[in-house]
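The structure appears right after this line, and notes come after that.
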Amino acid sequence: PSYLPLKGKKITLTAGATREAIDPVRYLTNHSSGKMGYAIAKEAQKLGAEVTLISTSSLTNPENVNVVKIASADEMLLAVDSVFQETDIFIFAAAVADYRPLEVATQKIKKEEGVDKMVIELTKNPDIAATIGAKKQSSQFLVGFALETNNELENAQGKLKKKNLDMIVLNSLQEKGAGFGHDTNKISIIDSNKKTDFELKSKTEVAKDILKTIIDKLELRKNP
Ligand code: C5P
């Protein structure tokens with residue numbers, strides 16, 4: 210018999226970079242590929258979970274995963290909210306734009322003769338992880354990601370508290386081969402009282418480490 214510690218658990222993941230429209234043909238975004246979120250979705254499904262992947266990425270859909278495609282942070286929040294009640298474990302792996310254009314032009318913005326500068330006013334996006342954290346139920350488990358360039362531990366623990374998360378996966382930017390677009394990653398896992406460092410590994414192996422940590426914390430290990 211296979212090892213299915215996540216059987217009966219519903220996991221909702223966010224993945225990819227949000228796209229924030231400027232006009233009908235342009236948008237603001239970032240370099241996140243979505244690979245880490247997709248790797249977790251795939252491994253979680255293999256461990257028996259019922260997985261919903263709320264994604265902006267065009268990567269191939271993982272098998273037997275319910276994929277919901279959206280573009281902006283607002284759409285991502287709506288999609289996450291619509292499965293809030295039934296979700297046991299949330300994993301917020303998306304790189305959500307902090308700000309979006311305040312107004313979306315209905316027509317393509319034209320370049321104007323003699324106009325060499327333009328300003329696009331931005332407004333703050335909703336924080337999806339924090340919104341869900343604020344209404345988290347005691348049975349729900351929330352995992353966030355953090356990418357810090359300084360005071361890593363302190364900032365990650367600050368986020369854990371502020372967003373009411375149970376665990377934060379800290380991506381090390383210092384490490385060659387870690388983070389955006391790569392197939393490898395080097396992480397530390399942080400909860401309220403400890404930090405565990407992992408080696409540089411493939412995103413598939415990193416996904417397994419993250420899920421194993423969740424399984425241990427939730428005491429879901431039934432057979433080894
Ligand atoms: O605050 P910061 O962006 O560093 O936090 C990162 C964590 O919060 C990630 O898990 C990310 O997916 C989530 N987040 C979010 N909505 C935002 C910003 C971040 O869900 N608007």
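Numbering follows full-length UniProt numbering, in which position 84 of the sequence shown is assigned residue number 293; successive positions increment by one, without gaps. Cβ atoms here follow ideal geometry from the backbone N, Cα and C, with glycine treated the same way.
Inset, instruction - Report whether the distance from the Cβ of Pro335 to the nearest heavy atom of the ligand C5P is below 7 Å. - result: Result yes, Cβ under 7 Å from the ligand C5P.
Legend entry - C-beta atoms of Lys329 and Pro310 nearer than 8 Å: Sequence inspection shows Ile at residue 329; the Lys mentioned does not correspond to that position. Closer than 8 Å, so yes.
Inset, instruction - Any chance you could list the beta strand (DSSP E) runs of at least 3 consecutive residues sitting entirely within the segment 287 to 371, in chain order? - result: 298 to 301, 308 to 310, 331 to 333 and 350 to 357
Legend entry - Nearest-angstrom Cβ-Cβ length linking Ser264 and Gly217, presumed shorter than 8 Å: Not confirmed; about 24 Å, so no contact.
Legend entry - beta-carbon Ala248 near the ligand C5P non-hydrogen atom, thresh 7 Å: no
Legend entry - CA nearest to the CA of Ile300, picked from Leu369, Leu409, Ser381 and Glu408: Selected option, being the one with the closest Cα: Leu369.
Legend entry - Near the ligand C5P: Lys368 beta-carbon under 7 Å from a heavy atom: yes
Legend entry - Cβ distance (whole Å) where Glu252 is taken to contact Thr413 below 8 Å: 7 Å
Inset, instruction - Would you check whether the ligand C5P has a heavy atom nearer than 7 Å to the C-beta of Gly257? - result: no
Inset, instruction - Would you list, in sequence order, the uninterrupted beta strand (DSSP E) runs of no fewer than 3 residues that lie entirely inside the segment 395 to 425? - result: 396 to 399 and 404 to 406
Legend entry - Cα-Cα separation, Ile424 to Lys410: 20 Å
Inset, instruction - Under 8 Å by Cβ, that's how I've got Ala282 and Pro335 pegged, so tell me the actual separation to the nearest angstrom. - result: Under the criterion of beta carbons closer than 8 Å, Ala282 and Pro335 qualify as touching, at roughly 6 Å.
Inset, instruction - Could you tell me if the beta carbon of Ala280 falls within a distance shorter than 7 Å of some heavy atom in the ligand C5P? - result: Ala280: no, Cβ never under 7 Å from the ligand C5P.
Legend entry - Classification of residue 179 by the beta-carbon crowding that lies within 10 angstroms, buried from 16 upward: Outside the shown range of the chain (210 to 433) lies residue 179, about which nothing can therefore be said.
Inset, instruction - Run the CB neighbour count on Thr296, radius 10 Å, all protein chains shown included, and call it buried at 16 or more, exposed below. - result: Buried: at least 16 other Cβ atoms inside 10 Å.
Inset, instruction - Using beta-carbon positions only, say whether Leu215 and Gly246 come within less than 8 Å of one another. - result: Contact: no.
Inset, instruction - Could you tell me if Glu229 is buried or exposed, where buried requires 16 or more neighbouring beta carbons within 10 angstroms of its beta carbon? - result: buried
Legend entry - Within 8 Å, strictly: CB atoms of Ile377 and Gly342: The answer is no: Cβ separation not under 8 Å.
Inset, instruction - Reducing DSSP to helix, strand and coil, say where residue 167 ends up. - result: Any property of residue 167 remains undetermined from this structure, which presents the chain solely from 210 to 433.
Inset, instruction - Look at Ala239 and Ala304 and say whether their C-beta atoms are less than 8 Å apart. - result: Just to set this straight, residue 239 is Asn in the shown sequence, not Ala. In contact: Asn239 and Ala304 (Cβ atoms closer than 8 Å).
Legend entry - Spatial distance of Glu284 from Ala250 (CA atoms): 20 Å
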